[in-house]
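Visitor:
In my numbering, the protein residues as written are 1249 to 1595.
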């Protein structure tokens, strides 16, 4: 007669069974070393991944030629650079005098530079508050549309202005809001004094924000729509079954699902805070005056490129780049403190 098996607790490990790699070492023995991964030789990796490397090679070359190699040109910010001292830029660089931080001293003593700096920060802060949230709201509204045909039509309409040049955008707003535009003519017919929005420096910050919204708000929804498509729909169904309304589902499911993307784009926007645009402000600078429309990009053009003082403009550009780097690092550190990954994280 067979005796019944008795289960008296967890099964004892066999004495000769190997211990797992992460198990603690027995007392009196040195700690076990983790098995090291064998490093694949470079030649093997190149032979294995040559298709992927060939695919990214053109983009890498474009990035190298147009983004990284020009960084070396920042050295003229420390020179009294004269492009006519040689037959080519290299000879001009060798024959130009080194003045250290003299260009930066001239830059920081220039009231026009600080006017452009203040205008840039004011426009960035204004657009960060009144422009940055709009693509998020538009993406949520489009995502909740039941009709795919209507959603596609709205997306086509709001994406289209992104492909217009700033010349066409400014011309459109002049035709609508200028002194001889539709708004002014309607006000004259109604017996009111016409208001030329395009030449009012007091409302210029609102004008450029409205222009940017009309041109790029649809294009900015693409990333958020992609992020919304990754949210599990079962979460919405479970929340609705538990009695959660539309606003509670938005607050507890949609926004947390978008939070990593929002934080990432916000960090990138802060890093680009001193680059609010060039063509848009250059086209409208004469209409509203330098005090209202001068930003750092147009300042570099008018006070450096147009006058041939390239070292002065390089100093302004280097200052803008350093401030942008500091803003990115600070914003990324704050994102880590709030539990987000940011644009990079320590492994």
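Note that CB positions come from ideal geometry on N, CA and C, so glycine has one too.
Measure the C-alpha to C-alpha separation of residue 1287 and residue 1297 and round it to an integer number of angstroms.
Guide: Rounded to whole angstroms, residue 1287 to residue 1297 spans 15 Å at the Cα level.
Visitor: Does the separation of the CB atoms of residue 1510 and residue 1590 fall below 7 Å?
Guide: For residue 1510 and residue 1590, no; Cβs fall outside 7 Å.
Visitor: In whole angstroms, what separates the C-alpha of residue 1576 from that of residue 1479?
Guide: Approximately 27 Å, taken between the alpha carbons.
Visitor: So is residue 1413 buried or exposed if we call it buried at 16+ other beta carbons inside 10 Å?
Guide: Label assigned to residue 1413: exposed.
Visitor: For residue 1370, which residues in the same chain have their Cβ closer than 7 Å to its Cβ, ignoring the five residues on either side in sequence?
Guide: Answer for residue 1370: 1453, listed in chain order.
Visitor: Taking Cβ to Cβ, would you say residue 1563 is nearer than 7 Å to residue 1352?
Guide: In contact: residue 1563 and residue 1352 (Cβ atoms closer than 7 Å).
Visitor: The alpha helix (DSSP H) that contains residue 1543, what's its start and end?
Guide: Careful: residue 1543 lies outside any alpha helix (DSSP H) and carries neither H nor E.
Visitor: So what's residue 1335 in DSSP terms, helix, strand or just coil?
Guide: Three-state DSSP puts residue 1335 in coil, outside helix and strand.
Visitor: Check whether the Cβ atoms of residue 1383 and residue 1465 lie closer than 7 Å to each other.
Guide: Result yes, Cβ atoms of residue 1383 and residue 1465 sit closer than 7 Å.
Visitor: Taking 7 Å as the threshold (C-beta atoms), are residue 1421 and residue 1459 in contact?
Guide: Cβ atoms of residue 1459 and residue 1421: closer than 7 Å.
Visitor: In chain order, which continuous runs of the alpha helix (DSSP H) of length 4 or greater are located wholly inside the stretch 1352 to 1388?
Guide: With a minimum length of 4 residues, the continuous alpha helix (DSSP H) runs that stay inside the stretch 1352 to 1388 are 1359 to 1378.
Visitor: Is there contact here, the stretch 1389 to 1402 with the stretch 1531 to 1543, by at least three beta-carbon pairs under 8 Å?
Guide: No: the two stretches stay apart, fewer than three of their Cβ pairs being nearer than 8 Å.
Visitor: If you draw a straight line from the alpha carbon of residue 1344 to that of residue 1329, how long is it in whole angstroms?
Guide: Approximately 5 Å, taken between the alpha carbons.
Visitor: State the start and end residues of the unbroken alpha helix (DSSP H) segment that holds residue 1444.
Guide: Looking at the DSSP string, residue 1444 is not in any alpha helix (DSSP H), and its letter there is neither H nor E.
Visitor: Under 8 Å: do the stretch 1518 to 1530 and the stretch 1539 to 1559 share three or more Cβ pairs, one atom per stretch?
Guide: Yes: the two stretches touch, three or more of their Cβ pairs being nearer than 8 Å.
Visitor: Which same chain residues end up closer than 7 Å to residue 1566 when comparing Cβ atoms and leaving out the 5 residues on each side of it in sequence?
Guide: For residue 1566, where only same-chain residues beyond five positions count, the Cβ hits under 7 Å are 1322 and 1325.
Visitor: With burial defined as no fewer than 16 other Cβ atoms inside 10 Å of the residue's Cβ, what is the status of residue 1583: buried or exposed?
Guide: With 16 or more other Cβ atoms within 10 Å, it is buried.
Visitor: From the DSSP output, which residues share a beta bridge with residue 1297?
Guide: In DSSP, residue 1297 forms no bridge with anything.
Visitor: Report the rounded CA-to-CA distance for residue 1424 versus residue 1310, giving the unit in angstroms.
Guide: The straight-line gap from Cα to Cα measures roughly 40 Å.
Visitor: Tell me whether the beta-carbon of residue 1475 lies closer than 7 Å to the beta-carbon of residue 1513.
Guide: Not in contact: residue 1475 and residue 1513 (Cβ atoms no closer than 7 Å).
Visitor: Expressed to the nearest angstrom, what Euclidean distance is found between the alpha-carbon atoms of residue 1532 and residue 1542?
Guide: Answer to the nearest angstrom: the Cα atoms are 10 Å apart.
Visitor: Does residue 1318 come out as helix, strand or coil in the three-state DSSP assignment?
Guide: Note: residue 1318 maps to helix in three-state DSSP.
Visitor: Is it buried or exposed, residue 1304, if we count other Cβ atoms within 10 angstroms and call 16 or more buried?
Guide: Result: exposed.
Visitor: Apart from the five residues just before and just after residue 1467, which ones in its own chain have a Cβ nearer than 7 Å to its Cβ?
Guide: Excluding residues within five positions, the ones whose Cβ falls inside 7 Å are 1407 and 1410.
Visitor: What first and last residue would you give for the alpha helix (DSSP H) that runs through residue 1396?
Guide: Counting along the chain, the alpha helix (DSSP H) containing residue 1396 begins and ends at 1396 to 1407.
Visitor: If you draw a straight line from the C-alpha of residue 1378 to the C-alpha of residue 1457, how long is it?
Guide: When rounded, the distance between both Cα atoms is 8 Å.
Visitor: With DSSP as the reference, identify every bridge partner of residue 1328, one or two as the case may be.
Guide: BP columns for residue 1328 point to 1345.
Visitor: Ordered along the chain, which non-local residues of its own chain (more than five positions away) have a Cβ less than 8 Å from that of residue 1258?
Guide: Per-residue confidence for residue 1258 stands at a pLDDT of 44, beneath the threshold of 50, marking its modelled position as unreliable; the derived number appears in the next sentence. Around residue 1258: no qualifying Cβ.
Visitor: For residue 1569, report the span of its alpha helix (DSSP H) as first-last.
Guide: It spans 1558 to 1585 - the alpha helix (DSSP H) in which residue 1569 sits, taken as one unbroken run.
Visitor: Using a 10 Å radius around the Cβ and a threshold of 16 neighbouring Cβ atoms, would you call residue 1545 buried or exposed?
Guide: Buried.
Visitor: What number of angstroms, rounded off, separates the C-alpha of residue 1290 from the C-alpha of residue 1319?
Guide: Computed Cα separation, rounded: 29 Å.
Visitor: Note down, in chain order, each residue of its chain lying with its Cβ closer than 7 Å to the Cβ of residue 1402, except the 5 sequence neighbours on either side.
Guide: Counting only Cβ-Cβ distances below 7 Å, and skipping sequence neighbours, we find 1390.
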